[in-house]
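Participant:
Structure below.
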């Protein structure tokens, strides 16, 4: 058994059974070894940003790590923007980066670079496996490290000779560190605040945006009159009819200030205090209102759900006291498309058990409300702000959940970062419907240009925010990548095409022509 | 005047007049300021790897730096593979990376990351401009630093508040450091070796692969019987009829060993001693033959061309003693296409003054010989080995040289990394012809799989090297990006289409269907 075989056996024994890969010469023994361990599914991506984003989507839905296989420092760099998003999502992931053979490093061959420096920007756990006798143990530790808590990227750098040399057999799985319990004093403190009668908001994120956490949070809010809020970009929200609805903090600081206006106590549960996404001249970065006290019930990595349930019980909230969303769908719109009508069509059609990947940017503001009462589904957001997440994330989510439909709501500018992921969807026969909002613009930047006080832009600046010259055809591009596609410009056509796609196997892209702006 | 205006004025005053950009919110003041300095051409890319690769192509052809504008750490990461290639090419470049406002950094907002750590992997000069009163001077120093010598990436990190705050006016240009002269003793030593009668090879790279350097090198070789060789992947070769031909070292170590077999002295001129591109089990990394002495006439950054000319004069090589390539073109082939026939068609048609961007990988092995006697042209190669360079490089070369035709010979797998660059070619109306070799395979990896001793691959491994399931259509994709395109599968059609495209304005893509392998 060589190092690569030992590594892959260990990953599989530790529960890692999908590897999103774009390999090169230094990873050929790893690739070859995949045939010796059929339990590991190798999924090819045409670009590393697809592989890392897919591993993020996989990890968010599977609740255990998927792996990537990347080629040297450049492959890692290509995947780093989506690794950044996965880091912010606290997604468990094992990131395997091939390197030159250990004896080859000193020659500074053309593809050589400082992999550890680059990897350190996204990895919570980082190790170069320097000897074939270490690789199995390192892999087992990487998997355990990926679980965190909270989840994180464990990056294992794999020199080519460690892959190809004889190695001992696989290592036994390593038990991940459990989440630490929140002590009773913090729960009691939160109870005191919530009972004080002062305006209080409970801000939840991380593990709490799943059904169990939301039920506990809603029980607390209902029993005390506190305002329940979610962080702006949760990794995964379980929502829909029969579950508690979650009002999320807005993207724009001005709206967050309105949401938190008058709040005297902010209780954080598995999230951080709100900050402005960007800085703006003369505007605040810290969005906690003046005079508001911040309390942490559970920090990321702690047993936040357990703490919330204990809190709900302590304050005497009834077990069935959560406010659950009633079933309901929007009316089916007609006429020329706009972002609001796309949202209504999505809300009208979203199937039970769907996974929604939301990278719709400005065009997506109407979809959460339009889908609140739809059948139960998961909602995945862009936690790190690095665009180009959506198509890869949808790909990985579909690999993790082959029995569920994935609906990817995708902005045009963001789609252009990692469109290659469509090819992987076609190759793997994944049930992903991508709706691209084609508004021919980096619309969010047109808005931000005004917000940073840089208005009015002149012709050059305007041109740099405009992606309509030449017009992009997402239909042509998707077809070139092997995914059937259609363009629609009215609500009826979108309804027809989306309804068809949501119940047909395999991927499909719908290019929705919408005006830019709100 | 704000910091952004001060920065852009300084760049223009220092000779930097093109900026390849994909901006975000933190760069909005820079974008707005472009309208105040019309001498700076802003070129939008849909992905940062296009922007950095274009700046590489621009710098190689202009011999002075172009600029990039990238959005935070994730934008930098997306551009880093092509920055790696530019680093290996010693291309002068000013890389501007926007960052959050200085007062916003401590809040660790979602898009925040360690930009300096990432930038350090590719930049030869790196600075964060922390105050608006520093930005102009920092920019002037960045431009000077970009010139090296040798050329390098100067990365300037630009916090948003430094852009938007009041700043003094532009700074005066800073004079770059000149190349240091090679002392007489080294020239004399090289002369002694060359006169010794022992088998000697002169290996050239860097600045020497331009006409003046090659003429001097050829004089030396012709006068002494030394073998003249070029490094495997020069940044830019001036070649064609009437210029010295340059035999380059092969990509594969086995062939390099043949090329250097029996050589007792290796004289390096603006390059390094040859090493294997990758490591292979049981094979050498250092490719200098046993018993061969290595001598450095000029190291990268020194005046290598001057040293070679002094050497040629010292050994009494006649001024007209260079061996110049005779004009000649291949016969026009017929029948089903293969890589050799593509090379022959290119050789038959290459126009005077063309710029060839070669990222053809395995399919490109026949093109250097087929074009050796073509009219004079430049040849740009993949110096760093990070695929996805070709389309961006061609884009930037065309911006630098609007009166010359750019011919981009592009492998299918590599094209899929940065295909978005076609859109920038269409947007800017650039005279670029892209020939994609569609063989449906990472053919080079099929070859490397055997070379690393990992044969025979099983079905999973084979599948991970195969990009034909589903088939990619480069015609559909190009059309979706606004570039007219055509697919050809025989030599006559390629000849017709290439001839037409080489003399029509604007970009065009030709998808050449070729079998995989040699």
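Residue numbers (the numbering used here), protein chains in the order written: chain A, 1 to 518; chain B, 519 to 1036.
Beta carbons: idealized from backbone N, C-alpha and C, even for Gly.
Comparing C-alpha positions only, which one of 269/A, 161/A, 359/A and 338/A sits nearest to residue 103/A?
Facilitator: Taking the first residue of the first chain as position 1, residue 103/A is located at position 103. Comparing Cα positions, the closest option is 161/A.
Participant: Does the beta-carbon distance from residue 753/B to residue 787/B come in below 8 Å?
Facilitator: Walking along the second chain from the start, residue 753/B turns up at place 235. Walking along the second chain from the start, residue 787/B turns up at place 269. Cβ atoms of residue 753/B and residue 787/B: not closer than 8 Å.
Participant: Take residue 901/B as the anchor and find which of 921/B, 914/B and 875/B has the nearest alpha-carbon.
Facilitator: Counting from 1 along the second chain, the entry for residue 901/B is found at position 383. Of the candidates 921/B, 914/B and 875/B, the one whose C-alpha sits nearest the C-alpha of residue 901/B is 875/B.
Participant: Apart from the five residues just before and just after residue 445/A, which ones in its own chain have a Cβ nearer than 7 Å to its Cβ?
Facilitator: Stepping through the first chain from its first residue, residue 445/A is reached at position 445. Only 465 meet the Cβ criterion.
Participant: Are there three or more Cβ pairs, one per stretch, closer than 8 Å when the stretch 62-71 of chain A is compared with the stretch 354-372 of chain A?
Facilitator: No: the two stretches stay apart, fewer than three of their Cβ pairs being nearer than 8 Å.
Participant: According to DSSP, which residues form a beta bridge with residue 537/B?
Facilitator: What you label residue 537/B is simply residue 19 of the second chain in a count that begins at 1. 560/B and 585/B, per the DSSP bridge assignment.
Participant: Quick one: what does DSSP say residue 155/A is sitting in, helix, strand or coil?
Facilitator: Indexing the first chain from 1 puts residue 155/A at position 155. DSSP places residue 155/A in strand when its eight states are reduced to three.
Participant: Just to confirm before moving on: does the CB-CB distance between residue 85/A and residue 386/A stay below 8 Å?
Facilitator: What you label residue 85/A is simply residue 85 of the first chain in a count that begins at 1. What you label residue 386/A is simply residue 386 of the first chain in a count that begins at 1. Closer than 8 Å, so yes.
Participant: Any C-beta of chain B within less than 7 Å: which residues of the stretch 387-398 of chain A qualify?
Facilitator: Result list empty, no residue passes.
Participant: Hey, how far is the Cα of residue 697/B from the Cα of residue 662/B?
Facilitator: Indexing the second chain from 1 puts residue 697/B at position 179. Indexing the second chain from 1 puts residue 662/B at position 144. Residue 697/B and residue 662/B: Cα-Cα distance of roughly 13 Å.
Participant: Which value, in whole angstroms, describes the spacing of the CA atoms of residue 570/B and residue 739/B?
Facilitator: The sequence position of residue 570/B within the second chain is 52, counting from 1. The sequence position of residue 739/B within the second chain is 221, counting from 1. Near 37 Å, if we compare the C-alpha coordinates of residue 739/B and residue 570/B.
Participant: Between residue 78/A and chain B, is any beta-carbon pair separated by less than 8 Å?
Facilitator: Counting from 1 along the first chain, the entry for residue 78/A is found at position 78. Yes - at least one Cβ of chain B is within 8 Å of the one on residue 78/A.
Participant: Counting only runs that start and end within the stretch 402-445 of chain A, where is the alpha helix (DSSP H) found for 4 or more residues in a row?
Facilitator: Here the runs fully enclosed are 412-415 and 421-428.
Participant: Can you tell me the Cα-Cα spacing of residue 1031/B and residue 249/A, whole angstroms?
Facilitator: Counting from one through the second chain, the residue named residue 1031/B turns up at place 513. Counting from one through the first chain, the residue named residue 249/A turns up at place 249. Straight-line Cα distance between these residues: approximately 52 Å.
Participant: Closer than 7 Å by beta-carbon distance: list the chain B residues that pair up with residue 460/A, in chain order.
Facilitator: In the first chain, counting from the first residue as 1, residue 460/A sits at position 460. Chain B residues near residue 460/A: 552, 553 and 560.
Participant: Starting from residue 973/B, trace the beta strand (DSSP E) in both directions and tell me its first and last residue.
Facilitator: Translated into the one-based positions of the second chain, residue 973/B becomes position 455. Counting along the chain, residue 973/B falls outside any beta strand (DSSP E), and DSSP gives it neither H nor E.
Participant: Anyone know if the C-beta pair for residue 73/A and residue 30/A falls short of 8 Å?
Facilitator: Taking the first chain and counting its residues from 1, the one referred to as residue 73/A is at position 73. Taking the first chain and counting its residues from 1, the one referred to as residue 30/A is at position 30. In this structure, residue 30/A does not lie closer than 8 Å to residue 73/A by Cβ.
Participant: Count the other C-beta atoms from every protein chain shown that fall within 10 angstroms of the C-beta of residue 524/A, then say buried if there are 16 or more, exposed otherwise.
Facilitator: One cannot answer for residue 524/A here, as it falls past the ends of chain A, which runs 1 to 518.
Participant: Note down, in chain order, every chain A residue with its Cβ under 9 Å from the Cβ of residue 678/B.
Facilitator: Within the second chain, the letter at position 160 stands for residue 678/B. Ordered by position in chain A, the residues that pass the 9 Å Cβ test against residue 678/B are 278, 279, 280, 281 and 452.
Participant: Quick one, which of 896/B, 746/B, 751/B and 756/B has its alpha-carbon nearest residue 783/B's?
Facilitator: Within the second chain, numbered from 1, the residue matching residue 783/B stands at position 265. Considering only alpha carbons, the answer is 746/B.
Participant: Go ahead and pull the three-state DSSP assignment for residue 519/B.
Facilitator: The residue given as residue 519/B occupies position 1 in the second chain. DSSP places residue 519/B in coil when its eight states are reduced to three.
Participant: Using a Cβ-Cβ cut-off of 6 Å (strictly less than) and excluding sequence neighbours within five positions of residue 499/B, which residues of its own chain qualify?
Facilitator: Residue 499/B lies beyond the residue range present for chain B, which begins at 519 and ends at 1036; the question has no answer from this structure.
Participant: For residue 995/B, which residues in chain A fall below 8 Å Cβ to Cβ?
Facilitator: Your numbering for residue 995/B matches position 477 in the second chain. Correct list: 476, 477, 480 and 481.
Participant: Strictly by DSSP, which residues pair up with residue 490/A?
Facilitator: The count along the first chain starts at 1 and reaches residue 490/A at position 490. DSSP lists 336/A as partners of residue 490/A.
Participant: If contacts are defined as beta-carbon pairs under 8 Å, then residue 433/A and residue 476/A qualify, I think. What distance do you get, rounded to the angstrom?
Facilitator: By one-based count along the first chain, residue 433/A stands at place 433. By one-based count along the first chain, residue 476/A stands at place 476. About 18 Å separates the two Cβ atoms, so there is no contact after all.
Participant: When you check each C-beta in the stretch 923-956 of chain B against every C-beta of chain A, which residues fall closer than 9 Å?
Facilitator: So the close ones are 931, 934, 935, 936, 937, 938, 941, 944 and 945.
Participant: For residue 734/B, report the span of its alpha helix (DSSP H) as first-last.
Facilitator: Locating residue 734/B in the second chain gives position 216, where the first residue counts as 1. Its alpha helix (DSSP H) spans residues 729-742.
Participant: Given that residue 21/A touches chain B, what residues does it touch there, using C-beta distances under 8 Å?
Facilitator: In the first chain, counting from the first residue as 1, residue 21/A sits at position 21. By Cβ distance, chain B contributes 982.
Participant: Among all the DSSP beta bridges, which residues are the ones paired with residue 786/B?
Facilitator: By one-based count along the second chain, residue 786/B stands at place 268. In DSSP, residue 786/B forms a bridge with 721/B and 814/B.
Participant: Taking 8 Å as the CB-CB cut-off, is residue 811/B touching chain A?
Facilitator: If you number the second chain from 1, residue 811/B lands on position 293. Chain A contact via Cβ: absent.
Participant: So what does DSSP say about residue 1031/B, is it helix, strand or coil?
Facilitator: For this step, residue 1031/B is matched to residue 513 along the second chain. The answer is strand: DSSP assigns residue 1031/B an E or B state.
Participant: Compare the C-alpha of residue 349/A against each of 339/A, 338/A, 335/A and 370/A and name the closest.
Facilitator: Walking along the first chain from the start, residue 349/A turns up at place 349. Checking every option, the nearest Cα to that of residue 349/A belongs to 370/A.
Participant: Report the start-end ranges of each alpha helix (DSSP H) in the stretch 81-163 of chain A that is 4 residues or longer and not cut off at the edges.
Facilitator: DSSP runs (the alpha helix (DSSP H)) wholly in the stretch 81-163 of chain A: 115-119 and 135-146.
Participant: Given residue 400/A, which residues of its chain have a CB within under 6 Å of its CB, disregarding the five upstream and five downstream residues?
Facilitator: Counted from its first residue, the first chain places residue 400/A at position 400. If we look at residue 400/A and ignore the five residues flanking it on each side, its Cβ neighbours are 58, 61 and 62.
Participant: May I ask you to list, following chain order, the residues of the stretch 122-149 of chain A that have a beta carbon less than 9 Å from some beta carbon of chain B?
Facilitator: Here the close residues are 122.
Participant: I want to know whether the stretch 807-821 of chain B touches the stretch 676-691 of chain B - three or more CB-CB distances under 8 Å.
Facilitator: Contact between the stretch 807-821 of chain B and the stretch 676-691 of chain B is absent, because fewer than three Cβ pairs lie under 8 Å.
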